[in-house]
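>
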Amino acid sequence: QLPEVYILVNYWIGLSDTHKDGTFHWVDDLEKVTFTNWGDQTPRVQTDEDCVTITPYNWEQKACDSKFHFLCEKFADCNNTKYGTVCPVNCSSTNCAGPSKRCSIRTGVCLDGCDVGYEGPTCADECSSGSYGQNCTESCSKHCAGENHTCHHITGACHQGCAPGFRDELCIDKCENGTYGRNCRRTCSPNCEGGNSTCHHVSGSCDLGCTPGFRGDICRDRELMMLWF
C-alpha cells in the first residue's frame, strides 16, 4: 500500500465491470476481484462509471474514458510464465495449454485453458472419474470393465480393460466377426448355422441357431439320438 502522501490524485488500478455490471474483474486476466476497499455508497451498478480508481482512502468508480495515470502492480522478475507473490512457480511446469503455457502472474490461472486431460482454474486437476480428453468433455466408454467404467484422463483407455464383447483401448468397438467374450479371445462355435462368424459378441450364442446334430446356446453339445426298434 502506498503512503497517503503519494496518492495525491486518482489512479487507475486495472479493475472494471465492463463485462457485467456489478461484477468487477482485473483487466489483465479477467479474474474476479477477491479484495475490495470501496468507499461509501460504492460500488454503483447501472452507471457509466465502469472503471475503478484508488484515492488516499478507498476505491472509487469513474468513467473509463477519464484521464488518470495507472497504478500497476509488478512482481520482481515476473513475466506471464510465472505466478505467485514472489513468482516461485513456473507456468511451464503446469498443465496450462498452448506452447507458451501462459498463466496469470497473480493467481496462476491458465489464460489459454488446460492441456488435454486436465481441468480447474490452474489446470492442476486431472479429469474427474468417468471423463477424459480436451476440457474433460469426453466420457469413458460404458463398456470399460469395472463397476465405475473408469479410464485414463488423457487417452480414454479403460483402466481395467474392456467388458466382454468389446475390444481396443477405448472399448467402443465390438469383437470382430468370429470372436466373442472377454478380450475377444474366444472363437464362435464351428457348429453355428452359417459358419463360425455368426455369434453374439458378448455371449457367443449362435445368431442363426445350430447346425443339425448340435444344441445349446453356443452349439457345442451334441444332440442325443433315440433309436427305436
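Residues in the sequence shown are numbered consecutively from 1, following the UniProt record's numbering. Cβ coordinates follow ideal geometry from the N, Cα and C atoms, glycine included. Predicted, not measured: the structure shown is a model, and the values here were computed from it.
1) Does the stretch 169-184 touch the stretch 207-216, meaning 3 or more C-beta pairs lie closer than 8 Å?
2) Just the C-alpha distance for THR18 and THR137, rounded to the nearest angstrom, thanks.
3) Could you check what DSSP says for SER141 in three-state terms: helix, strand or coil?
4) Who are the near neighbours of GLU49 in its chain, counting only those whose CB is closer than 7 Å to its CB and skipping five residues on each side?
5) If you follow the beta strand (DSSP E) that GLU60 is in, where does it begin and where does it stop?
6) Ignoring anything shorter than 3 residues or poking outside the stretch 95-128, list the beta strand (DSSP E) runs there in chain order.
7) On the CB-based measure, 16 or more other CB atoms within 10 Å of its CB, does ARG222 come out buried or exposed?
8) Let me know the alpha helix (DSSP H) ranges lying completely inside the stretch 32-56, each 4 residues or longer, listed in chain order.
9) List the residues that DSSP assigns as beta-bridge partners of LEU15.
10) Measuring alpha carbon to alpha carbon, tell me which of THR23, LYS32, GLU31 ends up nearest THR42.
11) Do ILE13 and VAL52 have their C-beta atoms within less than 8 Å of each other?
12) Using the Cβ count rule (16 or more neighbours within 10 Å means buried), how would you classify HIS143?
13) Roughly how many angstroms separate the alpha carbons of CYS132 and CYS140, rounded to a whole number?
14) Alpha carbon to alpha carbon, what distance is there between SER203 and ILE172?
15) Distance, Cα to Cα, ASP217 vs SER205?
Based on what the coordinates show:
1) Because the criterion of three Cβ pairs below 8 Å is not met, the stretch 207-216 and the stretch 169-184 do not touch.
2) The straight-line gap separating the alpha-carbon atoms of THR18 and THR137 is approximately 30 Å.
3) Here SER141 sits in coil by DSSP.
4) Sequence-distant Cβ neighbours of GLU49 in its own chain, meaning closer than 7 Å and more than five residues away, are GLN61, LYS62, ALA63.
5) It spans 59-62 - the beta strand (DSSP E) in which GLU60 sits, taken as one unbroken run.
6) Listed in chain order, nothing qualifies, since the stretch 95-128 has no complete beta strand (DSSP E) run of 3 or more residues.
7) Looking at its Cβ environment, which holds fewer than 16 other Cβ atoms inside 10 Å, ARG222 is exposed.
8) List check, alpha helix (DSSP H) in window: nothing returned.
9) The partner list for LEU15 (beta bridge, DSSP) reads TRP26.
10) Looking from the CA of THR42, the closest CA among THR23, LYS32, GLU31 belongs to THR23.
11) It is a contact, given that the beta carbons lie within the stated cut-off.
12) Classification of HIS143: buried, given that the 10 Å Cβ count is 16 or more.
13) Looking at the sequence itself, residue 132 is Tyr, so the reference to Cys does not match. Approximately 7 Å between the Cα atoms of the pair.
14) The alpha-carbon of ILE172 is positioned some 17 Å away from that of SER203.
15) Between ASP217 and SER205, the C-alpha separation is close to 5 Å.
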